[in-house]
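Chemist:
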Amino acid sequence: MGGDRATDGGTAFPSRVDSEDRGQSEVIGVILATSITVVLAAVMGQYVFGISIIQSPEQSVGPQASFDTTAESDGDLRVRHTTGDRVDLDRVNITGSDHGEFRNSVLDPADDDGEWTASESITLDSGNLTTGETVRITWKSSTTDDSTVLLNYEYDP
1 MGGDRATDGG TAFPSRVDSE DRGQSEVIGV ILATSITVVL AAVMGQYVFG ISIIQSPEQS
61 VGPQASFDTT AESDGDLRVR HTTGDRVDLD RVNITGSDHG EFRNSVLDPA DDDGEWTASE
121 SITLDSGNLT TGETVRITWK SSTTDDSTVL LNYEYDP
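Note that the UniProt record's numbering has the sequence shown beginning at 1, numbered continuously upward.
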C-alpha cells in the first residue's frame, strides 16, 4: 500500500482530501441564493400589486348611513336620512317588491344639490305601495358593478 493512506486499526482513510471528494457546497449556495431571491421577488410583487388594488379611487362598499321610516297619515312612506355619509342621489335606486322602481319619489325639502344628507327625507307616494311590500333603497358604485343595500323596509301603514 502507498504512503498516501494512513491506517488506524485496519481501517484505511485518506490522509489528504482531493477536490473531487468534497461536498458541493457551491451548488447548494447558488440554489439557496436563487430560492431566496425568487421568494423575495414574489413577496415584494404581492406587496406592490396588493397595495395598488386596495387603493382604488372609490370604495365599493357604499355610504355608511342610517335611516328612519315613517308611514304618514295619508299612507305615504317617509324615509329620513338620520346620520352618516352623504348619499349621491344619482347612484340611488328605490324599488318596491311589488311595483319595481319608484318614479315619483320626492326629496324634501326641495334641495337641488343632488345629495341626500342627514335630516333630509324622501317621500314615497302611497299609491305605489301595498301592505307587506318590501321597499329597498340601493346604492350603486360608479366605477364597478357593486351595489349596497342601504335600507330594506317592509311597508305596513
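No residue lacks a Cβ here, since even glycine has one placed at the ideal position from N, Cα and C.
What is the DSSP secondary structure of Ser73, reduced to helix, strand or coil?
Modeler: Along the sequence shown, read from residue 1 onward, the residue named residue 73 stands at position 73. Note: Ser73 maps to coil in three-state DSSP.
Chemist: Alpha carbon to alpha carbon, how far is Val43 from Gly29? Give it in angstroms, no decimals.
Modeler: Locating residue 29 in the sequence shown gives position 29, counting from the first residue. Locating residue 43 in the sequence shown gives position 43, counting from the first residue. Their backbone Cα atoms lie some 21 Å apart in a straight line.
Chemist: According to DSSP, which residues form a beta bridge with Glu101?
Modeler: In the sequence shown, the residue the question calls residue 101 occupies position 101. DSSP lists Thr95 as partners of Glu101.
Chemist: Can you check which of these residues, Ser97, Asp113, Thr117 and Leu77, is closest to Arg86 by C-alpha distance?
Modeler: On the sequence shown, position 86 is the one that residue 86 refers to. The candidate whose alpha carbon is nearest that of Arg86 is Thr117.
Chemist: What is the rounded straight-line gap between the Cα of Thr95 and the Cα of Ser142?
Modeler: Residue mapping note: residue 95 aligns to position 95 of the sequence shown, counting from 1. Residue mapping note: residue 142 aligns to position 142 of the sequence shown, counting from 1. Going from the Cα of Thr95 to the Cα of Ser142 covers about 19 Å.
Chemist: Can the beta-carbon of Thr69 be found closer than 9 Å to that of Val135?
Modeler: Indexing the sequence shown from 1 puts residue 69 at position 69. Indexing the sequence shown from 1 puts residue 135 at position 135. The answer is yes: Cβ separation under 9 Å.
Chemist: Nearest-angstrom Cα distance between Gly127 and Val61?
Modeler: Looking up residue 127 in the sequence shown gives position 127. Looking up residue 61 in the sequence shown gives position 61. Between Gly127 and Val61, the C-alpha separation is close to 32 Å.
Chemist: Under the rule that 16 or more other beta-carbon atoms within 10 Å means buried, what is Leu129, buried or exposed?
Modeler: Position 129 of the sequence shown, counting from 1, holds the residue named residue 129. Under this definition Leu129 is a buried residue.
Chemist: When the distance is taken between beta carbons, is Leu150 closer than 9 Å to Ala65?
Modeler: Here residue 65 is taken as the residue at index 65 of the sequence shown, counted from 1. Here residue 150 is taken as the residue at index 150 of the sequence shown, counted from 1. A contact, by the Cβ cut-off of 9 Å.
Chemist: Measure the CB-CB distance between Pro157 and Gly100 and report whether it falls below 9 Å.
Modeler: Looking up residue 157 in the sequence shown gives position 157. Looking up residue 100 in the sequence shown gives position 100. For Pro157 and Gly100, no; Cβs fall outside 9 Å.
Chemist: State the start and end residues of the unbroken beta strand (DSSP E) segment that holds residue 167.
Modeler: Nothing in the structure corresponds to residue 167, since the chain is present only between 1 and 157.
Chemist: Using the rule of at least 16 other Cβ atoms within 10 Å of the residue's Cβ for burial, across every protein chain shown, is Asp145 buried or exposed?
Modeler: Taking the sequence shown and counting its residues from 1, one reaches residue 145 at position 145. With fewer than 16 Cβ atoms within 10 Å of its Cβ, Asp145 is classed as exposed.
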